[in-house]
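Inspection log for the structure reproduced underneath, given as structure tokens.
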Amino acid sequence: MKLALFDLDNTLLHGDSDHAWGEFLCERGAVDAAEYQARNNEFFEHYKAGTLDNAAFLRFVLAPLAAIPRAELDKLHEDFMQTRISKMMLAKGKDLVRRHIEDGELVAIVTATNAFVTGPIARAFGVSHLIATVPAQEHGRFTGEVRGTPAFKEGKLIRVEAWLESMALNWDSFEESWFYSDSLNDLPMLKHVTHPVAIDPDTTLHAHALAAEWPVMSLRG
């Protein structure tokens with residue numbers, strides 16, 4: 001048995017879905033654009049630098065989910081998929097995912113971005129398994145809180161291991177495993193698989209990949 005795991009933002013997507021969702025909410029007038037845009041950009045810069053306060057970021061990014069009625073959120077997300085995500089989905093990313101699926105491997109997308117934003121994106125890539133940060137709900141409405149461990153840095157590894165355990169599997173169930181990512185934040189996961197692959201990596205991950213003799217690929221162009 002083989003396992004193939006994919007980061008989403010700036011890996012299978014040409015861009016970051018979390019940041020793009022914030023920009024989209026500003027454009028649609030669903031949040032206070034001036035204040036939200038500035039904080040959204042600030043958090044994004046910290047994420048890229050590896051200095052993100054994830055708890056603070058999650059309080060920020062999940063607040064609109066709690067404030068906006070679910071029916072309105074769902075309509076906004078449909079528009080988001082059509083106007084933003086469809087343009088960000090990389091054709092080579094779709095091909096890479098499809099090859100792993102056609103080879104009979106267990107395939108999942110593993111992303112720090114919350115499951116409301118990323119669930120439809122994973123389905124658009126034809127991937128049925130999604131490990132993402134889970135926004136808590138009560139009576140069908142988001143609370144603004146997180147359910148369980150956020151899928152960020154070491155949290156991705158924790159969440160993947162829990163997912164495997166739920167199927168009575170573990171890392172030893174797989175003769176080979178892949179993880180594809182662009183980000184220094186994913187070093188814990190990359191170090192754990194048999195085939196770590198840097199996809200259009202940031203500067204830190206690129207240097208680490210070269211030193212470790214990991215493959216470096218681009219899905220763009």
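Throughout the sequence shown, residue numbering follows full-length UniProt numbering, covering 1 to 221 in sequence.
For each residue, glycine too, the CB sits at the ideal point set by N, CA and C.
Do you know how far the Cα of residue j is from the Cα of residue i?
| i | j | result |
| --- | --- | --- |
| I109 | L219 | 16 Å |
| S173 | R28 | 46 Å |
| K94 | A136 | 30 Å |
| D74 | A212 | 43 Å |
| G144 | E78 | 21 Å |
| A198 | G104 | 23 Å |
| L96 | E176 | 16 Å |
| V127 | R141 | 25 Å |
| L205 | A49 | 11 Å |
| H100 | A56 | 36 Å |
| L8 | G119 | 11 Å |
| H19 | R70 | 20 Å |
Which residues in the same chain as residue i place their Cβ atom closer than 8 Å to its Cβ, once the five residues preceding and following it in sequence are excluded?
| i | result |
| --- | --- |
| W163 | A108, H129, I131 |
| V160 | L5, A108, V110, I131, M189 |
| V193 | L3, L5, S177, W178, F179 |
| A66 | R141, F142, T143, G144 |
Buried or exposed, going by whether 16 or more other CB atoms sit within 10 Å of the CB of residue i?
| i | result |
| --- | --- |
| A151 | buried |
| N170 | exposed |
| E23 | buried |
| T113 | buried |
| K156 | buried |
| G41 | Note that residue 41 corresponds to Asn in the displayed sequence, not to Gly. Burial call: exposed. |
| L52 | buried |
| L90 | buried |
| L62 | buried |
| P201 | buried |
Among the residues of its own chain, which have a CB less than 7 Å from the CB of residue i, if the five just before and after it don't count?
| i | result |
| --- | --- |
| F60 | R39, F43 |
| E154 | P188 |
| P64 | L25, A30, V31 |
| G148 | V134 |
| H195 | E176, S177, W178 |
To which residues does DSSP link residue i through a beta bridge?
| i | result |
| --- | --- |
| H195 | W178 |
| I109 | F6, L130 |
| R141 | E138 |
| N41 | Per DSSP, none; premise fails for N41. |
Keeping to the same chain, check which residues put their C-beta closer than 6 Å to that of residue i; ignore five residues upstream and five downstream.
| i | result |
| --- | --- |
| V117 | S17, W21 |
Sequence ranges, beta strand (DSSP E) only - wholly within the segment 43-84, length at least 3:
none
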